[in-house]
Amino acid sequence: MKNKTSLILVVLILMLSMSLAACGKKSESSGGASQSAAASPEASGDSAAKQGPNPADELEKLMTKVLTKGPNGEVPVSADTLEITSEDIAKLKEKKITAAIAMHYMGNDWSTTQVSAIKEEMARLGIEIIGVTDGNFKPEKQTSDIETLLAKKPDILLSIPTDGVAMAPIFKKAAEQGTKIVFMAQAADGMKAGQDYVTIVSPDDYGNGAASAHMMARELGGKGKIGIIYHEADYPTTKIRYQAFSDVIKQYPGIEVVEEQGVAGPDFAGDAEKAASAFLIKHPDLKGIWGVWDIPAEGIMAAARNSGREDLVITTIDLGKNVAIEMAKGGMIKGLGAQGVYQAGIAEAKAGALAVLGKEVPPFLVVNGIPVDKDNLLASWKKVYNVDAPKEVADAMNK
């Protein structure tokens, strides 16, 4: 009986040991599967995909990449490739070449810097500037301006159309007159490079729009409600910016665009302020607003201050002085895509000069964009405008 009892105890102990071992294996297997899933590249990729790309990585890529193509799909060529020799300059001076500049608008740093750069380069090349006009964003005024300039028979016309469709006839008249046309940023409708005009010297508008979207995402940590204020006009350069921002911000699933409004001007800051004020009343939980360039962004800043929302994140395009000051002091402007404005003006002057000499010029020249935030603000200003940042901007950095 004793032996039988002992045997039963041994069997029970063996059964209990086997049961515990099985539980241990099950637990190890479960724990191992969890660790494997956490470390799995596939699982990690899925999580990253849900959050969107890494903004820092995307901004770094944009420093060396051009995303904007020409109006007819032309491959962009760097504006840095244009070269003028000492022999070219001697020929230009001998020919006594003249040039005219017909701007769409002269009320911002972009335009004044373009004109300044063109004048400096034209002087170096021995080309006389016979007129500079301001269209004040009105097609009829800019058309009249160009009529006046064409009466002086310039060899070169440098211009950015206020309205590509409405102004096509006056630019075609200039081409028929034999004037070499160099467009800034966009061409008039229906005109062909190499036939009706020399080239377009463009900023990387799509790249700058993309940069401003990645900066918005970075500042919001990839989540939150935002608004968009775009340019309500058939204006290719601003349409491309808006399209780029809209495309790229969709890569961040945690960010929701809840309101959009266009501004038509001429009071772009005032119109943007009204639109942004309405956004903030309707959406008190709004985290950010994008402005299509620096002047509308100034209106957004004003609306945010008036609403007690200086925590609002604003990104934009174009490095104007007022947005630079706000960025320098760590305010609402957290980032923007900037153009190499001075570099563009130099390229425009060179392109016109080469065309007069009968030399080939690529049909679509592009100046790389510059993603700008507080960390690289002062260096970027120097790169954009070829001068040191204004004292107000430098002082704001030190506060």
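Residues 1 to 399 (the UniProt record's numbering) make up the sequence shown, in order. Ideal placement from N, C-alpha and C gives every residue a C-beta, glycine not left out. Because the structure is a prediction, the values reported are computed rather than measured.
- When Asn376, Ala302, Ala355 and Pro284 are compared, the shortest CA-CA separation from Gly291 is found for Ala302.
- A direct Cα-to-Cα measurement between Ser307 and Ala278 gives close to 10 Å.
- Residue environment analysis places Gly369 among the buried positions, since at least 16 neighbouring C-beta atoms fall within 10 angstroms of its C-beta.
- Proximity of the stretch 76 to 91 to the stretch 241 to 251 falls short of the contact definition, fewer than three beta-carbon pairs being nearer than 8 Å.
- Nearest Cα to Asn72 within the set Gly126, Val258 and Met191: Met191.
- Nearest Cα to Tyr197 within the set Met184, Gly207 and Asp205: Met184.
- DSSP places Ala185 in the coil class of the three-state scheme, outside both helix and strand.
- Using a Cβ distance threshold of 8 Å, Thr315 and Leu286 do not count as a contacting pair.
- Under the three-state reduction of DSSP, Lys334 is assigned to strand.
- From the listed residues Gln339, Glu360, Ala353 and Ala355, the smallest Cα separation to Trp381 is found for Gln339.
- Counting along the chain, the unbroken beta strand (DSSP E) around His231 starts and ends at Gly224 to His231.
- Looking at the backbone, the Cα of Ala100 and that of Leu150 are separated by about 8 Å.
- Here DSSP, grouped into helix, strand and coil, assigns Phe364 to strand.
- Between the stretch 225 to 241 and the stretch 252 to 259 there are three or more inter-stretch CB-CB distances shorter than 8 Å, so the stretches are counted as touching.
- Around the Cβ of Asp318, a 10 Å sphere holds 16 or more other Cβ atoms; the residue is buried.
- Within the stretch 230 to 299, the complete beta strand (DSSP E) runs of at least 3 residues fall at 255 to 263 and 286 to 291.
- A contact between stretches requires three or more CB pairs, one per stretch, nearer than 8 Å, and the stretch 93 to 112 meets this requirement with the stretch 132 to 146.
- Straight-line spacing of the CA atoms in Lys141 and Tyr235 works out to 17 Å.
- Separation of Gln261 and Ile240 (C-alpha to C-alpha, rounded to the nearest whole angstrom) is 16 Å.
- Distances from the alpha-carbon of Gly221 to those of Ala188, Gly288, Ser159 and Thr68 put Gly288 closest.
- Residue range Thr98 to Met103 is occupied by the beta strand (DSSP E) that includes Met103.
- Of the residues Lys334, Leu312 and Pro296, the one whose Cα lies closest to the Cα of Pro284 is Leu312.
- Here Ile295 is buried: its Cβ has 16 or more other Cβ atoms, across all protein chains shown, within 10 Å.
- Annotation for Arg218: Pro55 place their beta carbon closer than 6 Å to its own, counting only its chain and skipping 5 residues before and after.
- Val372: member of the beta strand (DSSP E) spanning Ile370 to Val372, first to last residue.
- Between Gly107 and Pro363, the C-beta gap is not smaller than 8 Å, which leaves the two residues out of contact.
- Looking at the DSSP output, Ala324 sits in no beta bridge, so it has no partner there.
- In the DSSP assignment, Pro203 falls outside any alpha helix (DSSP H) and lies within the beta strand (DSSP E) extending over Thr199 to Pro203.
- Exposed is the label assigned to Ser78, since fewer than 16 other Cβ atoms lie within 10 Å of its Cβ.
- Rounded to whole angstroms, Ile170 and Ser111 show a C-alpha spacing of 21 Å.
- Here the C-alpha atom of Asp205 lies approximately 31 Å from the C-alpha atom of Asn398.
- In the DSSP assignment, Thr316 is bridged to Leu336.
- Remark: C-beta atoms of Gly299 and Ala328 do not approach each other more closely than 8 Å.
- Restricted to the stretch 50 to 137, the alpha helix (DSSP H) segments that are unbroken, complete and at least 4 residues in length are 55 to 62, 86 to 95 and 109 to 125, listed in chain order.
- Taking C-beta separations shorter than 7 Å and ignoring five residues to either side along the sequence, the partners of Ala275 in its chain run Ile229, Gln261 and Val263, following chain order.
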